[in-house]
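If you're matching positions, the sequence shown starts at 1 in the numbering used here and goes up one per residue.
Using N, Cα and C, we set each Cβ at its ideal position, and we do this for glycine too.
Given the structure is predicted, the values throughout are model-derived calculations rather than measurements.
Contents: one structure, followed by commentary.
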Amino acid sequence: MDDNGQWWRDAVVYQIYPRSFADSDGDGIGDLRGISDRLDRLVDLGVDCIWLSPFYVSPGADAGYDVADYRDVDPMFGTLHDFDTLLAKAHRLGLRVIVDLVPNHTSTAHPWFQEALAAPPGSPERSRFHFRDGRGADGSEPPNNWPSAFFGPAWTRTTDPDGKPGQWYLHMFDSGQPDWNWDNEEVREEFRSILRFWLDRGVDGFRVDCATALVKAPGLPDVPENPDDYDFFAAVRGLDGQDLPPSPGGDQEGVHDIYRDWRSVLDEYGADRILTGEIWLPPRQISRYLRPDEMHQAFNFAYLEAGWSADRVHRVVRATLAAHDEAGAAATWVLSNHDVVRHATRFGFGPDAPRMFGIRATDPQPDTALGLRRARAATLSMLALPGSAYLYQGEELGLPEHTTLNDEARQDPAWRRSGGTQAGRDGCRIPLPWEADRPAAGFSPGGKTWLPQPSAYARLARDRQQETAGSTLEMYRQALGIRKARHLGHGKLDWLSEPADAVVALRNGDLLSVTNMGNVPVGLPPGDVVLRSEPGPDTVLEPDTTAWILSRPTA
């Protein structure tokens, strides 16, 4: 690879959500052996790296993001031997492997938290977390007004051994996910050890969950009035480049010391191990996490949230490339993941649709044909950009969100904590369809699935799309092949359109990518059309379509 072995700068990374990828033992939950058995499919697709969402020991309060043991595999997924087997096979096949690391919070089942509950206020055990006395005469009010990202207060009161109400503990997510106190040196040393444990096993890096939130503001001050409306984690705004002020629970300056420390640990293992941050900030602020002694990459959520708008895509891409060039880092691009409505569904709504935290059967439903058409076009536009690309499992099949999931089947804590007002993320986590005519669409030999699959998934199964001209799977395979052959990830972007245009047109090397986000057909520049998101003539591009064109050399 180019850039002195910095493989991540142009890598295509495929996110695997283990419980929904492939089940090998018939219990209806995906596992590590199921992943190992299907790795050749990902090689065939053309990706360079896989990212594994959490597979650690966990009670499952938040689908594994509540980690009780950071150094072992939950039995539902297999064993450490299964992990080592998966890792070795991936490396033999030429795939890198990065694993999820969850450093902001742990599980109430973690031994250290259980020790804290048994220890008195002010003890060393409690100092590893954020325990505080409550407010009010009897301490019955939370220590501050912070809201949880999963709705409700970010504090839960404990019960003392004598049965009386005790202190409160902070959890920025579910009550089963107490936040670590990163001012505590024991916590810092514990995570250095966790990093080394997995690096010693041979992983190629870490995706860092909730990367901005580890360090809290001193004194844990209240947020502004109406905390339920307060954007605690600074969701993506500021697309024109303006900065956002740090929140009391995120983007504090002290977090950079942690990542400089971690970078030194990774560098002990060579220059090819990476940190990728989940950072919900505008591009210019993301770049502060990408200084040469901090993270290697960060997710570009501004791009994910740009929607079907030529103006917004222009502004986000330009801001991203400018900020990353200044930091000397490669940009990343992403359209879907395990926390958001799949882009084949998001694009099936109008431009004024509200931001969705899941979709219920009683909610307005998308135009599924339009959503898939735009999703295919957006994918080709994304894969033409320089930098690395992150794909979410199933998007190569054009999978939509499960928008009619029965409420009784929902498991996301956001559904429960919101009192049923927010559908949550279950709809994007449905088990994958592999073989249309087999039980559970080939996901599980026993026909079980931990979340039910919609009927539409059968016709989108991988075996129905394999080697089928025009299928979404074949479009992805072709696009990734062209991307690699023409070194688009290492390319340089030249704009052929302006933000006010209805198209996003750019040149990367000798490849032109043109996406029509308008309502009328547009003419295509001269050249050889090598790939289109929808069939059509070589001279005209219909709305909601992308074409890749190789420019002809001038005489």
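- Under DSSP, G523 forms a beta bridge with V540.
- Here S123 is exposed, its C-beta having fewer than 16 other C-beta atoms within 10 Å.
- Beta-bridge partners assigned by DSSP to Q297: T276.
- DSSP lists Q15 and I98 as the bridge partner or partners of W51.
- Between L87 and G205 a beta carbon distance of about 12 Å is seen, past the 8 Å cut, so the two are scored as non-contacting.
- For P142 and T156, the gap between their C-alpha atoms comes out near 8 Å.
- Beta-bridge partners assigned by DSSP to Y392: Q15.
- A straight line joining the alpha-carbon of D363 with that of G446 spans about 33 Å.
- Only residues of its own chain outside the window of five on either side were considered, and among them Q15 and Y392 have a CB closer than 7 Å to the CB of N337, listed in chain order.
- A Cβ-Cβ contact shorter than 8 Å links S513 with T546.
- Looking at the DSSP output, A547 sits in a beta bridge with V514 and R532.
- W548 and L511 do touch by the CB rule: their CB atoms are close to 6 Å apart, below 8 Å.
- Straight-line spacing of the CA atoms in G26 and L432 works out to 14 Å.
- Counted as a single uninterrupted DSSP element, the alpha helix (DSSP H) harbouring D267 occupies residues V255 to D267.
- DSSP, reduced to helix, strand and coil, places P153 within a strand of the structure shown.
- With distances taken between CA atoms, F197 lies nearest to D72 out of G470, W182, T468 and D72.
- With a 10 Å radius around the Cβ and a threshold of 16 neighbouring Cβ atoms, H171 comes out buried.
- Secondary structure note for G481: its alpha helix (DSSP H) is the uninterrupted segment T472 to A485.
- Between the alpha carbons of H91 and R417 lies a gap of roughly 41 Å.
- Per the C-alpha coordinates, the member of W308, R207, V187 and F173 positioned closest to A502 is W308.
- If you check the CB distance, V99 and L52 come in under 8 Å.
- Straight across, the Cα-Cα distance linking L399 with L488 is about 26 Å.
- At a Cβ-Cβ threshold of 8 Å, T158 and L117 count as neighbours.
- Around the Cβ of D44, a 10 Å sphere holds fewer than 16 other Cβ atoms; the residue is exposed.
- Comparing alpha carbon positions, the residue from D66, Y17, D544 and G387 closest to H490 is G387.
- According to the DSSP assignment, R507 belongs to the beta strand (DSSP E) that extends over V503 to N508.
- With 16 or more other Cβ atoms from the protein chains shown falling within 10 Å of its own Cβ, G348 counts as buried.
- The beta carbon of K216 is closer than 6 Å to those of G249 in its chain, skipping five residues each way along the sequence.
- Taking the Cα of N406 as reference, the smallest distance to any Cα among I359, L383, A377 and W434 is reached at I359.
- Under the rule that a run must span 3 or more residues, the beta strand (DSSP E) segments found entirely inside the stretch 387-454 read 388-392.
- Residue state for W182 is assigned as coil, using DSSP reduced to three classes.
- Beta-bridge partners of T332 (DSSP): S388.
- By alpha-carbon distance to F55, the top candidate from R38, V47, R33 and G46 is R33.
- Counted as a single uninterrupted DSSP element, the alpha helix (DSSP H) harbouring G34 occupies residues L32 to D37.
- Annotated three-state conformation of R196 is helix, per DSSP.
- Fewer than three Cβ pairs drawn from the stretch 283-298 and the stretch 515-526 lie within less than 8 Å of each other, which leaves the two stretches out of contact.
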